[in-house]
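S.K.: After the structure tokens below, expect a handful of questions from me.
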Amino acid sequence: MGLSHKLPPEVHSVHGSVGKNPGMMLPEKIKARIPFAEWADNPDGFNREKFVKETADYLFDVYGIGSKQDRHTLTMLADQMQVYVDARKQQDTMPLVIEMNGGKTLAPNPYITIANKAMDNCVKLMNELGLTPKSRLAANKLEDASPLADFLKGWQPQ
5 MGLSHKLPPE
15 VHSVHGSVGK
25 NPGMMLPEKI
35 KARIPFAEWA
45 DNPDGFNREK
55 FVKETADYLF
65 DVYGIGSKQD
75 RHTLTMLADQ
85 MQVYVDARKQ
95 QDTMPLVIEM
105 NGGKTLAPNP
115 YITIANKAMD
125 NCVKLMNELG
135 LTPKSRLAAN
145 KLEDASPLAD
155 FLKGWQPQ
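Spelled out as structure tokens, the structure:
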């Protein structure tokens, strides 16, 4: 398992290895099963300010990130979350396929498209902030076939 120094501290703990920079284990209050989002059953319960605070606290506790500049990206994420929640709420009031032009034409529920676009935007912004498992792992991944990986592995006689 080359380049084990690039693994997150939790993986080192499992493997019994040590990295160059041991990093910081996730705080105990962060180590928990992922709960069901409170607003999923009650869309009116979604609160942008609470979302921003919870997310900012998480970023600070896990990564030590507390940059004032990140407030813009986090606010955009909260806005897109609100669009998603609102679109899902409206989507549930209509069938998946709706009649248009006096019943002459069928079309998909427009709120599905709005929710999907907002969800795509949320994932992009979450990746930018390191809030998805993929983005957290990508920061520690190095392609084995890249010239940089070869360089970091050191020259090995054939």
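As numbered in this note's numbering, residues 5 to 162 make up the sequence shown, in order. Note that the Cβ used here is the ideal one computed from N, Cα and C, for glycine as well.
1) Can Ile102 and Ala91 be called in contact, C-beta distance under 8 Å?
2) At which residue ranges does the segment 69-139 contain complete beta strand (DSSP E) runs of 3 or more residues, listed in the order of the chain?
3) Taking a contact to mean a Cβ-Cβ separation below 8 Å, would you say Gln86 touches Asn113 in this structure?
4) Quick one: is Gln84 buried, meaning 16 or more other Cβ sit within 10 Å of its Cβ, or exposed?
5) If I'm right that Asp74 touches Leu129 with Cβ under 8 Å, what's the distance once you round it to whole angstroms?
6) Suppose the cutoff is 8 Å on Cβ atoms and the five residues either side in sequence are ignored; what does the same chain contact list for Val127 look like?
7) Excluding the 5 residues preceding and the 5 following Gly70 in the sequence, name in chain order all residues of the same chain whose CB lies nearer than 7 Å to its CB.
8) Hey, would you say Ala60 sits closer than 8 Å to Tyr88, going by beta carbons?
9) For Leu78, is the classification buried or exposed, using 16 other Cβ atoms within 10 angstroms of its Cβ as the cut-off for buried?
10) Rounding to the nearest angstrom, what Cα-Cα distance links Thr97 and Glu58 in this structure?
11) Sorted by chain position, which residues of the same chain lie with C-beta nearer than 6 Å to Lys138's C-beta, five sequence neighbours on each side aside?
12) Indicate the three-state DSSP secondary structure (helix, strand or coil) for Arg37 in the structure shown.
13) Going by beta carbon distance, what residues of the same chain come within less than 7 Å of Val56, once the five residues before and after it are set aside?
14) Could you check the C-alpha separation between Asn125 and Leu100 for me, to the nearest Å?
M.R.: Let me lay it out:
1) no
2) 101-104, 109-112
3) no
4) buried
5) Rounded, the Cβ-Cβ distance is 11 Å, inconsistent with contact.
6) Thr136
7) Phe64
8) no
9) buried
10) 29 Å
11) none
12) coil
13) Leu78, Thr79, Ala82
14) 22 Å
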